[in-house]
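Worksheet for the structure shown next.
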Amino acid sequence: AQTADPLIVNPQPWRQDLGAGVDAAPYGVPSKFEADVIRRDVPWLTADAVSSVNFTPLHALDGIITPNGLCFERHHGGVAVIEPSEHRLMINGLVDKELVFTMEDLMRFPRENHVYFLECAANSGMEWAGAQLNGCQFTHGMIHNVQYTGVPLRLLLEEAGVKTEGKWIMVEGADAAGMNRSIPMEKALDDCLVAFKMNGEALRPEQGYPLRLVVPGWEGNMWVKWIRRIEVGDQPWHAREETSKYTDLLANGVARRFTWEMDAKSVITSPSPQAPITHGKGPLVITGVAWSGRGTIPQVDVTTDGGMNWHKARMSGPSFDKSMHRFYYEMDWDGAPLLLQSRAHDSTGYVQPTKDALRKIRGENSIYHNNGIQTWAIDADGKAENVEIS
Ligand code: MTE
Ligand code: CO
């Protein structure tokens, strides 16, 4: 005979008293039972929190949109706190007229809405020499996917009038790091946005409030936060972030430079080391995310035996250009150990490489642009571990 489930037959405390009324939290916060779903850092990675990074808890999320409070943060000089009425955006250099915009000025330009992923070029960087961090939050969490509202950068440059010699822009932040990068004019005029809203609300301070540059599909470092200046020039500036950093040192000592586009990549978010299988044998939902800086993701393959057999995953949710895609692979788990991997195909036909294939071409000196296939080993208890197989 079955014993009655007390959670079904007994009245629970939450139905014996009235709950909190409206306005208990004028700006809503997640359930207290979700307290574990937070950004996390890796303490040994950096010496100081003002020039550091934390990671999006990918293992606990679903769908394609990253909630604002969970978007990973990467600061070179801490978070600038800017009163929007005191913020200015300046365009100077090779233009017909140099301009200064207030936030109010920017609100009078036509705006657009687009969903884009931002991935730090250093995402998965700690995994170049082998499996290291146990959790997809740490191996893949330097990414977020957000709907931005902003003014096309093209409209602002047109307002200033770019001279014919103007082939590059330099974008600069108002933070203590004054972080700056060079961007070719072609990209600036194509799809870059000067954004002030993320997922409908004002940018969070961590994400560049009140204004950030959006550079779709290109490495996160170029998405200058707290953007204050755009200079038009005839050549790149060779700033710190495009010489000493954010270049890829090959085995022969040559450094690849200006590797802007993010290659197609995917990862299984659950099960994964921080999201083990706890329910035993039977129906199992495998899920993950995939993205490409060159377009959409029409297909993701999943293997449960370390690449001997690949299965087409089921894509679910909107498929936007240069945005995260969500995939699922449902199976009946017999309780045997698994070697889980996912492999993204993007709309250009490019297929995500294995880590070995990547290392063959790029060597092991690199930190940036590691888009190799990730493996999770699942044991008979459902626990998951970051491993590499060849
Ligand atoms: N912009 C400024 N002004 N200062 C910074 O430190 N960090 C860059 C970029 N823009 C940075 C910046 C890096 S390396 C990345 S990966 C992204 O912002 C991170 O954006 P996020 O903090 O919104 O995740
Ligand atoms: Co970065």
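In this note's numbering, the protein residues as written are 7 to 396. We put the beta carbon where it would ideally sit given N, CA and C, even for glycine.
For residue j and residue i, the rounded distance between their alpha carbons
i      : j      : result
Leu255 : Met268 : 17 Å
Arg160 : Trp224 : 17 Å
Asn397 : Arg187 : Beyond the ends of the chain as shown, which are 7 and 396, falls residue 397; an answer cannot be given.
Val85  : Asp181 : 7 Å
Gly99  : Gln241 : 12 Å
Gly259 : Lys173 : 29 Å
Gly214 : Val230 : 8 Å
Ala55  : Phe61  : 13 Å
Glu370 : Ala257 : 7 Å
Arg234 : His82  : 16 Å
Met337 : Met330 : 23 Å
Lys193 : Thr381 : 34 Å
Arg349 : Thr309 : 9 Å
Glu207 : Arg117 : 14 Å
Gly239 : Val177 : 11 Å
Trp266 : Leu162 : 23 Å
Cys198 : Arg300 : 14 Å
Gly313 : Leu139 : 22 Å
Glu394 : Ile283 : 20 Å
Leu345 : Gly141 : 15 Å
Helix, strand or coil at residue i according to DSSP, with G and I counted as helix
i      : result
Lys366 : helix
Trp20  : helix
Asp146 : According to the sequence displayed, residue 146 carries His and not Asp. Three-state result, His146: helix.
Gly226 : helix
Pro158 : strand
Asn119 : strand
Lys328 : coil
His407 : Nothing in the structure corresponds to residue 407, since the chain is present only between 7 and 396.
Pro190 : strand
Ile201 : Correcting the residue type first, residue 201 is Ala in the shown sequence and not Ile. Three-state DSSP puts Ala201 in a strand.
Asp111 : helix
Pro90  : helix
Gln380 : coil
His351 : strand
His375 : coil
Ala135 : coil
Ser278 : strand
Asp387 : coil
Gln358 : coil
Pro211 : helix
Glu394 : coil
Ser250 : coil
Val56  : helix
Ile14  : helix
Leu219 : strand
Leu195 : helix
His244 : coil
Buried versus exposed call for residue i [16 or more other C-beta atoms within 10 Å across all chains shown]
i      : result
Thr249 : exposed
Asp311 : exposed
Gln18  : exposed
Tyr33  : exposed
His244 : exposed
His285 : exposed
Ala183 : buried
Ile14  : exposed
Pro216 : buried
Trp50  : exposed
Phe78  : buried
The ligand CO heavy atom lying under 7 Å from the CB of residue i
i      : result
Asn186 : no
Arg80  : yes
Cys77  : no
Cys126 : yes
Cβ-heavy atom distance, residue i to the ligand MTE, below 7 Å
i      : result
Trp316 : no
Asn227 : yes
Gln213 : yes
Val230 : yes
His146 : no
Gly131 : no
Gly156 : no
Ala342 : no
Gly299 : no
His375 : no
His93  : no
Cβ of residue i within 8 Å of any chain D Cβ
i      : result
Ala383 : No chain D is part of this structure, which consists of one protein chain only.
Closer than 7 Å: residue i CB and nearest the ligand SAH heavy atom
i      : result
Gly223 : Of the ligands this structure carries, namely the ligand MTE and the ligand CO, none is the ligand SAH.
Does the region 163 to 171 come close enough to the region 20 to 39 that 3 or more CB-CB pairs lie under 8 Å?
no
How about the region 145 to 164 and the region 60 to 80: do they share at least three Cβ pairs that are nearer than 8 Å?
yes
Kindly confirm or deny that the region 86 to 106 and the region 44 to 51 touch, where touching means at least three C-beta pairs closer than 8 Å.
no
Looking at C-beta atoms only, is the number of pairs between the region 367 to 386 and the region 269 to 278 that lie closer than 8 Å three or more?
yes
Touching by the beta-carbon criterion (3+ pairs, under 8 Å), the region 132 to 148 and the region 194 to 202
no
Check whether the region 386 to 393 touches the region 274 to 283, counting contact only when three or more Cβ pairs, one atom from each stretch, lie closer than 8 Å.
yes
With a cut-off of 8 Å, do at least 3 Cβ pairs link the region 292 to 304 to the region 315 to 327?
yes
Using 8 Å as the threshold, is the region 104 to 121 in touch with the region 141 to 148, meaning 3 or more CB pairs across them?
no
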